[in-house]
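S.K.: According to our numbering, the stretch in the sequence shown is residues 50 to 214, in order. Even for Gly, the Cβ is constructed at its ideal location relative to N, Cα and C. What you are looking at is a predicted structure, and each value in this text was computed from that prediction instead of being measured.
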Amino acid sequence: MARMMVDCRTMPSESNCSLTIAGEPDEVLRAAVAHAVDVHGHTDDEELRDGIRAGMTPAAEQLEVAEGGFVQVIEFEADDLGRFREIEAEWLEGIGDARTAMWSVMTVDRERPGHYVQFVGFPDYEAAMRNSKHPATQRIAEQLAGLTRGGPTFRNLDVSQVMAP
Numbered sequence: 050m051a052r053m054m055v056d057c058r059t060m061p062s063e064s065n066c067s068l069t070i071a072g073e074p075d076e077v078l079r080a081a082v083a084h085a086v087d088v089h090g091h092t093d094d095e096e097l098r099d100g101i102r103a104g105m106t107p108a109a110e111q112l113e114v115a116e117g118g119f120v121q122v123i124e125f126e127a128d129d130l131g132r133f134r135e136i137e138a139e140w141l142e143g144i145g146d147a148r149t150a151m152w153s154v155m156t157v158d159r160e161r162p163g164h165y166v167q168f169v170g171f172p173d174y175e176a177a178m179r180n181s182k183h184p185a186t187q188r189i190a191e192q193l194a195g196l197t198r199g200g201p202t203f204r205n206l207d208v209s210q211v212m213a214p
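(1) Run through DSSP, which three-state label would asparagine 65 get?
(2) Please work out which residues of its chain come closer than 7 Å, Cβ to Cβ, to histidine 164, disregarding the five sequence neighbours upstream and downstream, and give them in chain order.
(3) Using C-beta distances below 7 Å, list every residue in its chain close to aspartate 173, excluding the 5 sequence neighbours before and after it, in chain order.
(4) From the DSSP output, in three-state form, read off arginine 58 for me.
(5) Helix, strand or coil for histidine 89 per DSSP?
(6) Out of Pro162, Ala115 and Arg79, which has the shortest C-alpha to C-alpha gap to tryptophan 152?
(7) If we count Cβ pairs, one from each stretch, closer than 8 Å, do we get three or more for the segment 99-108 versus the segment 134-141?
(8) Are there 16 or more other CB atoms within 10 angstroms of the CB of asparagine 65, so buried, or fewer, so exposed?
(9) If you draw a straight line from the C-alpha of glutamate 124 to the C-alpha of alanine 80, how long is it?
(10) Please identify the residue among Ser67, Asp99 and Met54 whose C-alpha is closest to the C-alpha of glutamate 73.
(11) Closer than 7 Å by C-beta to threonine 197: which residues in its own chain qualify, once you throw out the five before and the five after it? Chain order, please.
(12) With distances taken from CA atoms, which of Leu130, Ile189, Leu97 and His91 is nearest proline 162?
(13) Check each candidate in Ala51, Thr92 and Cys57 and name the one with the smallest Cα separation from aspartate 75.
(14) Using DSSP bridges, identify the partner residues of tyrosine 165.
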């Protein structure tokens with residue numbers, strides 16, 4: 050089951066509460082109801098529970114980046130990002146448990162329509178190279194080359210500093 054979350058910052062509140070609760074839906078509901086009653090003075094009833102259920106969203110996994118990590122940047126131009134997403138889903142299925150990529154972020158260039166930059170995080174360079182050598186990764190690279198205008202550009206970056214808020 051997908052992890053869900055409730056973020057007090059998105060709920061109507063006079064207290065400016067910043068608590069976020071994430072977990073399995075039943076766990077989130079139970080904890081959020083207890084928090085709403087204890088901290089915000091709500092009454093535990095179906096109206097409260099329905100409101101919390103309506104405010105649940107899929108929990109975003111936290112991106113972990115650490116010094117010594119590795120980030121690959123893939124830059125490309127394409128007309129069909131939907132096809133890219135299909136190819137990426139095929140890659141995820143094909144690589145399965147051998148995947149060493151911990152996360153990825155796809156961005157769209159505001160000033161250049163059709164220009165995309167994807168950031169892919171790995172624990173280290175060696176893990177990235179294992180990922181790159183996997184047959185499923187070789188297939189997606191070939192498909193991506195055919196999908197893009199001019200082919201993708203890859204940048205291989207060692208993480209040298211991370212600043213957290």
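M.R.: Quick look at the numbers:
(1) coil
(2) Glu126 and Asp158
(3) Gly117, Gly118 and Phe119
(4) Look at arginine 58 here: in three-state DSSP terms it is helix.
(5) coil
(6) Out of Pro162, Ala115 and Arg79, Ala115 has the C-alpha closest to the C-alpha of tryptophan 152.
(7) no
(8) exposed
(9) 42 Å
(10) Met54
(11) Phe125, Glu126 and Ala127
(12) The option with the nearest alpha carbon to proline 162 is Leu130.
(13) The candidate whose alpha carbon is nearest that of aspartate 75 is Ala51.
(14) Phe125 and Val157
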